[in-house]
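J.:
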Amino acid sequence: MAAALCPRLRGFMASSRPLLALRPVALRLPMRRAVPAMPLAARARRGLGSSTANAQLDEDFATASDLRFESPLEVVKYPDPVLRARNKRINTFDDNLRALADEMFDVMYKTDGIGLSAPQVGVNVQLMVFNPAGVKGEGEEIVLVNPVIYKSAKRLLVFEEGCLSFPGIYGNVVRPESVKIEAQDVTGAKIKVKLSGIHARVFQHEFDHLLGILFFDRMTIDVLETVREELKNLEKKYEEITGLASPETVENCKGAKDVFSLPR
6 MAAALCPRLR
16 GFMASSRPLL
26 ALRPVALRLP
36 MRRAVPAMPL
46 AARARRGLGS
56 STANAQLDED
66 FATASDLRFE
76 SPLEVVKYPD
86 PVLRARNKRI
96 NTFDDNLRAL
106 ADEMFDVMYK
116 TDGIGLSAPQ
126 VGVNVQLMVF
136 NPAGVKGEGE
146 EIVLVNPVIY
156 KSAKRLLVFE
166 EGCLSFPGIY
176 GNVVRPESVK
186 IEAQDVTGAK
196 IKVKLSGIHA
206 RVFQHEFDHL
216 LGILFFDRMT
226 IDVLETVREE
236 LKNLEKKYEE
246 ITGLASPETV
256 ENCKGAKDVF
266 SLPR
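Residues 6 to 269 in my numbering are what the sequence shown lists, from first letter to last.
Right, dumping it as structure tokens:
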């Protein structure tokens, strides 16, 4: 997620007026943010049981080959098909996984981000990193593996989001104010925690990446129209660089993927 995340300072309930009634304002979230007095890891609940909420017995876990990467990592740009590919769950917690998470943080900081998912660096596994401070050595570095949302707030908020895979593109996205999640950390330890505020926003953005959902999928039609030409320019650039036809086109995007489908 791009560091230029811009808050829309209004609550938005499912039963209230449409998002399109809200006019954009040029507010920017400072890159350096105050962090919780108690680290997220310290607030986590350990020992979730034998499996996460959506784990299945026949789950296809990542192999060593799936987790292989080459340095230096680079951010994958839309419309590269790796952003839509299936991301496998992880059951190997070793030095390679820790090295991947460390390199993802390096890329995130270098590109002025506050969050990054593994598919955004070409590795299709269930891994994300984020630090709302956006500055190495400040804030709290969070690594989540195999995350699952098991409950989300009824109250919705609208923010203007950016994404490192969509350089320079920003648009309003509606998401729940808070979410309760289950995940594992980089050592494999199980975590159960409630995220709110900026942590909830960044988590949900990166969680979408792990599902193959991109932030413009969640924009309403009117908001999508404000970025449509920029998305088409990225599609054209992809074709020029690769010599291949764009694997997808924004012309086929209907917008406003259902945020209300999250568990409540």
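For glycine and all other residues, C-beta sits at the position ideal for the given N, C-alpha and C. No experiment lies behind these values; they were computed from the predicted model shown.
So the candidates are Glu165, Pro124, Asn129 and Val140; which of them puts its Cα closest to the Cα of Thr116?
T.: Closest option to Thr116, Cα to Cα, is Val140.
J.: Since Val148 and Val191 should fall inside the 8 Å C-beta cutoff, what is the C-beta to C-beta distance between them, to a whole number of angstroms?
T.: With 8 Å as the limit, Val148 and Val191 qualify as a contact, their Cβ atoms being about 5 Å apart.
J.: With three or more C-beta pairs closer than 8 Å as the rule, is the segment 69-78 touching the segment 149-164?
T.: Cβ pair count under 8 Å is below three, so no.
J.: Considering just the uninterrupted stretch of the beta strand (DSSP E) at Tyr155, what are its terminal residues?
T.: Start and end: Ile147 to Ser157.
J.: To the nearest angstrom, how far is the alpha carbon of Leu239 from that of Phe66?
T.: Straight-line Cα distance between these residues: approximately 32 Å.
J.: Less than 8 Å between the beta carbons of Glu187 and Tyr155, yes or no?
T.: Against a cut-off of 8 Å, the Cβ pair of Tyr155 and Glu187 comes out as a contact.
J.: If I follow the unbroken beta strand (DSSP E) through Tyr175, where does it start and stop?
T.: Run containing Tyr175: Tyr175 to Pro181, per the beta strand (DSSP E) assignment.
J.: Tell me which residue opens and which closes the alpha helix (DSSP H) that Met113 is part of.
T.: Residues Asp100 to Lys115.
J.: How is the alpha helix (DSSP H) around Glu143 delimited, first residue to last?
T.: Taken as a continuous stretch (DSSP letters only), Glu143 belongs to no alpha helix (DSSP H), as it is neither H nor E.
J.: Quick one, which of Pro84, Asn101, Lys242 and Asn151 has its alpha-carbon nearest Ser122's?
T.: Per the Cα distances, Asn151.
J.: Can Ser183 and Leu200 be called in contact, C-beta distance under 8 Å?
T.: Yes.
J.: In the structure shown, what three-state DSSP assignment does Lys237 receive?
T.: Here Lys237 sits in helix by DSSP.
J.: CA-CA distance, Phe160 and Phe221?
T.: It should be pointed out that residue 160 corresponds to Arg in this sequence rather than to Phe. Going from the Cα of Arg160 to the Cα of Phe221 covers about 21 Å.
J.: For Gln209, which residues from the same chain have a beta carbon less than 6 Å from its beta carbon, with the 5 sequence-adjacent residues on both sides left out?
T.: Correct list, in chain order: Arg180.
J.: Residue range of the beta strand (DSSP E) that Glu166 falls in?
T.: First-last of the beta strand (DSSP E) with Glu166: Leu161 to Gly167.
J.: Which residues in the same chain as Ala205 place their Cβ atom closer than 6 Å to its Cβ, once the five residues preceding and following it in sequence are excluded?
T.: Ser183 and Val184, listed in sequence order.
J.: Could you check how far apart the C-beta atoms of Asn257 and Met224 are, in whole angstroms? I think they sit under 8 Å.
T.: Contact flag wrong, Cβ pair sits at about 14 Å.
J.: Excluding sequence positions up to five away, which residues of its chain have a Cβ less than 6 Å from the Cβ of Asn129?
T.: Excluding sequence neighbours, Asn129 sits near Ala90 and Asn92.
J.: From the DSSP output, in three-state form, read off Phe220 for me.
T.: In this structure, Phe220 counts as helix in the three-state DSSP scheme.
J.: In terms of DSSP beta bridges, what is Gln189 paired with?
T.: For Gln189, which the question treats as bridged, DSSP gives the partners Val150 and Lys195.
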